[in-house]
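Colleague:
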Amino acid sequence: MSCDAIALSAMLWLASASPEAAAAPKTSTLASAPVSVAQEPLFADIVGRAGALKAQVEAWKGVTGDLPGFEGFKSRLGELAALDMKANKLLAERGTDGDLKCILRGIAQDLPVRLAEVETAADAKARDNALREMGWLLRDNVEVITTPPVVSSGVAGT
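The numbers in numbering that gives the first Met the number 0 rise by one with no breaks, and the one at position 139 of the sequence shown is 138.
#1: Whole angstroms are fine: how far does the CA of A49 sit from the CA of S74?
#2: Inspect the CB distances between the stretch 65-80 and the stretch 100-110 and report whether three or more fall short of 8 Å.
#3: Tell me the residue span of the alpha helix (DSSP H) that contains V56.
#4: Report the three-state DSSP secondary structure of G97 (helix, strand or coil).
#5: If you draw a straight line from the C-alpha of G134 to the C-alpha of G94, how long is it?
#6: Hey, quick one: how far does the alpha helix (DSSP H) through G134 stretch, first residue to last?
#7: Using DSSP with H/G/I as helix, E/B as strand and the rest coil, what is L66?
#8: Could you check whether the stretch 55-71 touches the stretch 117-135, counting it as contact only if at least three pairs of C-beta atoms, one from each stretch, sit closer than 8 Å?
#9: Return the CA-CA distance between I45 and G97, expressed in angstroms with no decimal places.
#10: DSSP on A120, reduced to helix/strand/coil?
#11: With distance defined between alpha-carbon atoms, name the residue in R131, E118, V141, V143 nearest to F69.
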């Protein structure tokens, strides 16, 4: 799944949590609110790891030469991608939260692509651009889990 597709999916998913959607009147025809997974240990671990990796990416912006601690970063990024895929499979087994399930799978697939872009950047500007893209992906990894789910009314356009 391309990063553009992930970004679009994440944007649409996050937009569904707009204040207008949250303020919609509740009637007996609405389904009950979906359960947030953010407090579950697996998802909390993903959020913590993605946040720490994003902080590392931010610290590297503008650094010339070798990136300090990069080998450890690569290892932790691989672990995060594996956890994202594990979360995807868990949600699939539950049969719940199709959007989050798909977004986590896309992130798991895109993390190694972004890492390769950082590693193969031709110059400092290209590496900073690749780091910026990696930072956005890691931010999205946190936000898609921590943004509260909302109920869909089932009515088109709402």
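By construction, the Cβ of each residue, glycine as well, lies at the ideal position given by its N, Cα and C atoms.
Modeller: According to the data block:
#1: Spanning the alpha carbons of S74 and A49 requires a straight line of approximately 13 Å.
#2: Contact between the stretch 65-80 and the stretch 100-110 is present: 3 or more CB-CB pairs across the two stretches fall below 8 Å.
#3: V56 -> alpha helix (DSSP H) spans 40-59.
#4: The answer is helix: DSSP assigns G97 an H, G or I state.
#5: Roughly 30 Å separates the two Cα atoms.
#6: In the DSSP assignment, G134 falls within the alpha helix (DSSP H) that extends over 123-145.
#7: Coil, per DSSP.
#8: They touch, by the three-pair rule.
#9: Distance between the alpha carbons of I45 and G97: 18 Å.
#10: Coil.
#11: For F69, the nearest C-alpha among the options comes from E118.
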